[in-house]
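Numbering (the numbering used here), first residue to last: 8 to 187.
Glycine residues also receive a C-beta, built at the ideal position from the N, C-alpha and C atoms.
Since the model is a prediction, treat every value here as computed from it, not as a measurement.
What follows is a single structure, written as structure tokens, with notes after it.
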């Protein structure tokens, strides 16, 4: 009931609970919906100016540089996370780590440290905004003490970018507490 009021609360081992729930579900076919999404992608492709250095371009270049190599990309929370979900296409599990919905700013750097400790021979790239990096900047001490060679891409836009974007688009440009 933290974010959404639930109708039924289930407490148990997720592996056991999901097996039991899945066994009770009817198979679902979403071909029509997937076809609709593909048509929408064709009608409204992602576009951005590639003649200047933009966030989506940087993310796309990180993907291009790593797509055929053993590597792990970790995102923090914010605009760069949305760009990464649009431009990083990974098939192998556990090679793209993102906190998903309702994530917490500051997730990326500590998650990258954990990914590197768990995969010492694999390059780990952490992508963050300056606001998210600020949330856990003290983790540089951990990375240095553990001698972890991490690659960090920090977008310095001087704002909590995604929060400011929402304030612009949905709250009449009433900006508050987003300027770093």
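| Asked | Found |
| --- | --- |
| Taking its Cβ as the centre, do 16 or more other Cβ atoms sit within 10 Å of residue 144, making it buried, or is it exposed? | exposed |
| Span of the alpha helix (DSSP H) holding residue 66? | 62-73 |
| Starting from residue 44, trace the alpha helix (DSSP H) in both directions and tell me its first and last residue. | 38-50 |
| Measuring straight from C-alpha to C-alpha, what distance separates residue 148 and residue 160? | 18 Å |
| Using 10 angstroms around the beta-carbon of residue 82, count the other beta-carbons present and answer buried if the total reaches 16, otherwise exposed. | buried |
| May I ask you to list the residues that DSSP assigns as paired with residue 135? | 161 |
| Kindly indicate which three-state DSSP category residue 82 falls into: helix, strand or coil? | strand |
| Hey, how far is the Cα of residue 95 from the Cα of residue 70? | 6 Å |
| In or out: residue 2 buried (at least 16 other Cβ within 10 Å) or exposed? | The structure shown does not extend to residue 2, since the chain is modelled only from 8 through 187, so no value can be given for it. |
| What is the DSSP secondary structure of residue 104, counted as helix, strand or coil? | strand |
| Relative to the C-alpha of residue 131, which residue among 88, 164, 101 and 14 is closest? | 101 |
| With C-beta atoms as the reference, is residue 80 less than 8 Å away from residue 18? | no |
| Between the alpha carbons of residue 30 and residue 36, how many angstroms are there, rounded? | 16 Å |
| Look at the alpha carbon of residue 121 and the alpha carbon of residue 152, and state the distance between them as a whole number of angstroms. | 14 Å |
| So, are the CB atoms of residue 171 and residue 178 less than 8 Å apart? | no |
| What number of angstroms, rounded off, separates the C-alpha of residue 15 from the C-alpha of residue 107? | 23 Å |
| For the alpha helix (DSSP H) that residue 146 lies in, which residues bound it at each end? | 146-152 |
| Among the candidates 89, 24, 84 and 9, whose CA atom is the shortest distance from the CA of residue 112? | 84 |
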